[in-house]
Structure formats: C-alpha cells, structure tokens
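If you read the sequence shown in this note's numbering, its first letter stands for residue 9, the second for the next number, and so on.
Every residue gets a Cβ at the ideal spot worked out from N, C-alpha and C, and that includes glycine.
Since the structure comes first, as structure tokens, the remarks are kept for the end.
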Amino acid sequence: MRRMEPITPEDEKIGNRMETSVFFPPKQRIERVEQITGDLISFIAKTQVKTTNFEYQLVQLEMIAARLETKYKVLIKENAEILQRLEKLEQRVDELTSPALIL
Numbered sequence: 009m010r011r012m013e014p015i016t017p018e019d020e021k022i023g024n025r026m027e028t029s030v031f032f033p034p035k036q037r038i039e040r041v042e043q044i045t046g047d048l049i050s051f052i053a054k055t056q057v058k059t060t061n062f063e064y065q066l067v068q069l070e071m072i073a074a075r076l077e078t079k080y081k082v083l084i085k086e087n088a089e090i091l092q093r094l095e096k097l098e099q100r101v102d103e104l105t106s107p108a109l110i111l
C-alpha cells in the first residue's frame, strides 16, 4: 500500500496552477459547459427528428407492404378461378372433339 506523503507548499502551488492555468478559468469553464450542453441538446433534438421521420417512413412502407400482400392474395384467388375456368373449357373442347361425338 502506498503511503501518503504530506503536501508541500510547492505541491499546492503546482495544484493551484493546474486548476487555473491548464484548464479554463471558472467563468470560461461554465460558459464552455453551457455551450457543450447546448450543442448536445441540439444534437439530440436533430437525432430525434430524424428518428421520427424514419419511423414515419417505416410505417408508410409497412402500409404499402400490407396493401401489396392483400393484392397478392386477391390475384392468387383470381388466378385459381381462371385456372379452373380454363380447365373446364379444355374439358369442354375435349368433349366436343372426342371421336365418340364425331361418329
């Protein structure tokens, strides 16, 4: 375990200089924090707007997909009906052209 040594007057001077000269003075530090906070709030707001826009677009795409799915189901049903009608017509043609009828 490291032993704590007493702080010398020179250490205090160095500490005071680091607090005041290396970093911003207190008033500038507060202004800088306010500026950074404002920038952060602005960034969050812009991100929220983009997120909202993307969510709206996603909902629109989901609605389009649902409409396409519904149309696809309708087309499948209509296709099945057309195939049944075609099959009946082919049977009717076969009946009309069968050798038993020709005789």
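Alpha-carbon spacing of residue i relative to residue j, whole angstroms
| i | j | result |
| --- | --- | --- |
| A73 | T55 | 27 angstroms |
| Q65 | P33 | 47 angstroms |
| S106 | K85 | 31 angstroms |
| E95 | M71 | 36 angstroms |
| N87 | R100 | 20 angstroms |
| E103 | Y80 | 34 angstroms |
| S50 | I38 | 18 angstroms |
| I90 | A53 | 55 angstroms |
| I44 | K58 | 21 angstroms |
| D47 | Q36 | 16 angstroms |
| V67 | E98 | 46 angstroms |
Secondary structure of residue i, DSSP reduced to three states
| i | result |
| --- | --- |
| P107 | helix |
| P34 | helix |
Entirely enclosed alpha helix (DSSP H) segments - the region 57-92, minimum 4 residues: With a minimum length of 4 residues, no continuous alpha helix (DSSP H) run stays inside the region 57-92.
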